[in-house]
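The structure appears below as structure tokens.
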Amino acid sequence: MTAMRICDLNLLLYATNEASAQHERARDVLHALMVGNRPVGLPWMVTLGYVRLTTNPRVMVDPLAPADAVAIVRGWLGRHNVVAPEPIARHLDLMAELLAAAGPVPTW
Numbered sequence: 052m053t054a055m056r057i058c059d060l061n062l063l064l065y066a067t068n069e070a071s072a073q074h075e076r077a078r079d080v081l082h083a084l085m086v087g088n089r090p091v092g093l094p095w096m097v098t099l100g101y102v103r104l105t106t107n108p109r110v111m112v113d114p115l116a117p118a119d120a121v122a123i124v125r126g127w128l129g130r131h132n133v134v135a136p137e138p139i140a141r142h143l144d145l146m147a148e149l150l151a152a153a154g155p156v157p158t159w
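Remember, this note's numbering sits 51 above the position in the sequence shown when you count from 1.
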């Protein structure tokens, strides 16, 4: 069984926002994930955040139209290796266990 890679909202934003200093690297990482065979997860909270932020003129210099942002998400979710994982009843407990095992989160 291959581990699933879960995309972070920041990766999606940087990959879309050409004005971002991280744009090229994020675009390349996202492209590699999307064309690969390894499973990729796009949680609904991440895709909702993506649509909300990429359509906001306070976040994006050139905001997307809502239909365009949704079309991008549809394209990602239409790939053979991309799924939208659903939370389960133990979601919070599992998240707490993973965070405890990971140790302190670095600040940048």
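Just so it is clear, CB atoms sit at the ideal spot from N, CA and C, and this is done for glycine as well.
Looking at the backbone, the Cα of Asp-59 and that of Ala-152 are separated by about 19 Å.
The C-alpha of Met-146 lies about 15 Å from the C-alpha of Met-96.
Straight across, the Cα-Cα distance linking Val-124 with Pro-155 is about 31 Å. Secondary structure at Ile-57: strand, using DSSP grouped into helix, strand and coil. Residue environment: Ala-77 is assigned as buried (16 or more neighbouring CB atoms within 10 Å of its CB, all protein chains considered). Nearest neighbour of Leu-84 by Cα position, chosen from Thr-106, Arg-130, Ala-122 and Glu-137, turns out to be Arg-130. Its chain contains Pro-117, Ala-120, Val-121 and Val-124 as the residues whose beta carbon lies nearer than 7 Å to that of Val-102, once the 5 sequence neighbours on both sides are disregarded; these appear in chain order. Non-local C-beta neighbours of Leu-81 in its own chain, meaning closer than 8 Å and more than five positions away in sequence, comprise Cys-58, Leu-62, Leu-63 and Ala-66, ordered along the chain.
For Val-86, the secondary structure class from DSSP, reduced to helix, strand or coil, is helix.
In the displayed model, Val-133 falls within a strand according to three-state DSSP. Residue state for Gly-100 is assigned as helix, using DSSP reduced to three classes.
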